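Position 51 (the sequence shown) corresponds to 51 in the UniProt record's numbering; numbering is contiguous.
Following: one structure in structure tokens, then a few remarks.
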Amino acid sequence: MDLIKAVNTLSLFVSHAQIESADGVAHFFDGLPAGQGPDVIVLCGSAILSLGDDVFSLISSPFFTKDRNIMLVICGGIGHSTSFMYDAVKRHHKYHVLADEIQGKPEARVFEMIARRWYCLSSESQEHPSLIIEDRSTNCGANAQETKKVLHGRGILSPRSIVVVQDPTMSRRTTASFEQAYAGNEAKPNISAWPTFVPVVEARPPGPGLDVADGLEFSSQGPTGKRDHGLWDIQRFLDLLIGEIPRMRDDERGYGPRGMGFIPHVDIPDDVEEAWAVLSSALMVADRPA
Numbered sequence: 001m002d003l004i005k006a007v008n009t010l011s012l013f014v015s016h017a018q019i020e021s022a023d024g025v026a027h028f029f030d031g032l033p034a035g036q037g038p039d040v041i042v043l044c045g046s047a048i049l050s051l052g053d054d055v056f057s058l059i060s061s062p063f064f065t066k067d068r069n070i071m072l073v074i075c076g077g078i079g080h081s082t083s084f085m086y087d088a089v090k091r092h093h094k095y096h097v098l099a100d101e102i103q104g105k106p107e108a109r110v111f112e113m114i115a116r117r118w119y120c121l122s123s124e125s126q127e128h129p130s131l132i133i134e135d136r137s138t139n140c141g142a143n144a145q146e147t148k149k150v151l152h153g154r155g156i157l158s159p160r161s162i163v164v165v166q167d168p169t170m171s172r173r174t175t176a177s178f179e180q181a182y183a184g185n186e187a188k189p190n191i192s193a194w195p196t197f198v199p200v201v202e203a204r205p206p207g208p209g210l211d212v213a214d215g216l217e218f219s220s221q222g223p224t225g226k227r228d229h230g231l232w233d234i235q236r237f238l239d240l241l242i243g244e245i246p247r248m249r250d251d252e253r254g255y256g257p258r259g260m261g262f263i264p265h266v267d268i269p270d271d272v273e274e275a276w277a278v279l280s281s282a283l284m285v286a287d288r289p290a
């Protein structure tokens, strides 16, 4: 397996695009059994600000919300990656005006400011779904547990469904965290991942750099359409990919039942393990603990 195929294999796996588009969200909801509480969309804090744009655009549409019982939870506190979100806002062609105001705020509050200012979404609005903020969680597992708590606080013990919108590099693991959080429920919600896009890389023209990242760039030919701005630095993207597989392995060092018990068992196909080995070798990364 060559390097580009390895990166794209890992990206497709961790993105876990069970839902591929905004229309797919509507089809997902429409295909569920009637009743059993509201449908919940959970937007996790991220430096990929387009996640918020996609969610807020969908939620703002009266055609989408009509005759649907939908709640939006924006989750995310202040963690080791929050500075990347601040930097993304600072670079954004519209949202840069918030750069000073967001300093020191939890990730959920940053997305909330964008939702209110540019999409007129708020918890007080009668025209749009309820907006709930969860601003304490600092990792994927806490995203799920704290979201469950704030929903319980609203009297929602078991939603009909949960659509998880997370940075594609952490989408599968975060969705697994929600499955773990609701594993004990008698009536389990239907949980599905909508990363909004799947990142794809291609070779870039040779340059002076010697690093692996210098030979790659994001492609606009991905399976979920063009996404050519507001993305990760390539090196950070590779680092995120390489860190996910050890976390999802169900062994003594992973997050599964045989390890830390944060997520249910995740089947990792052989081609994904091969892709991880190829990228690890290219980056000269050891099989590090999660």
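We treat Cβ as the ideally placed atom computed from N, Cα and C, and that holds for glycine.
None of the values given here were measured: they were computed from a predicted structure.
Beta carbon of Thr9, beta carbon of Asp271: below 7 Å? yes
Given 8 Å as the limit, is there contact between the region 66-83 and the region 130-147, that is, 3 or more CB pairs closer than that? Of all C-beta pairs linking the region 66-83 to the region 130-147, three or more are shorter than 8 Å, placing the two stretches in contact.
Short of 6 Å in beta carbon distance, which residues of its chain neighbour Lys188, apart from the five on each side in sequence? Order them along the chain. Tyr182
For Glu20, which three-state DSSP category applies? coil
Start-to-end residues for the alpha helix (DSSP H) that takes in Asp87: Thr82 to Arg91
Could you check the C-alpha separation between Lys5 and Glu244 for me, to the nearest Å? 17 Å
Tell me, to the nearest whole angstrom, how far the beta carbon of Phe56 is from that of Ala115; I am working on the premise that it is less than 8 Å. 5 Å
Flag this pair as yes or no: are the beta carbons of Val89 and Ile162 separated by less than 7 Å? no
Is the beta carbon of Gln180 closer than 7 Å to that of Pro264? Against a cut-off of 7 Å, the Cβ pair of Gln180 and Pro264 comes out as a contact.
Of the residues Ser21, Val14, Val40 and Asp23, the one placed nearest Asn190, counting alpha carbons only: Selection Ser21, Val14, Val40 and Asp23 evaluated against Asn190 yields Val40 as nearest (Cα-Cα).
Taking DSSP as the reference, what is the three-state secondary structure of Glu252? coil
Can you tell me which of His80, Val165, Ile156 and Leu283 puts its alpha carbon nearest to the alpha carbon of Pro38? Ile156
Does the distance from the CB of Ile242 to the CB of Leu279 come in under 7 Å? yes
For Glu107 and Ala47, I'd like the C-alpha separation in whole angstroms. Rounded to the nearest angstrom, the two C-alpha atoms are 9 Å apart.
Do you know offhand how far Gly261's Cα is from Tyr255's? 5 Å
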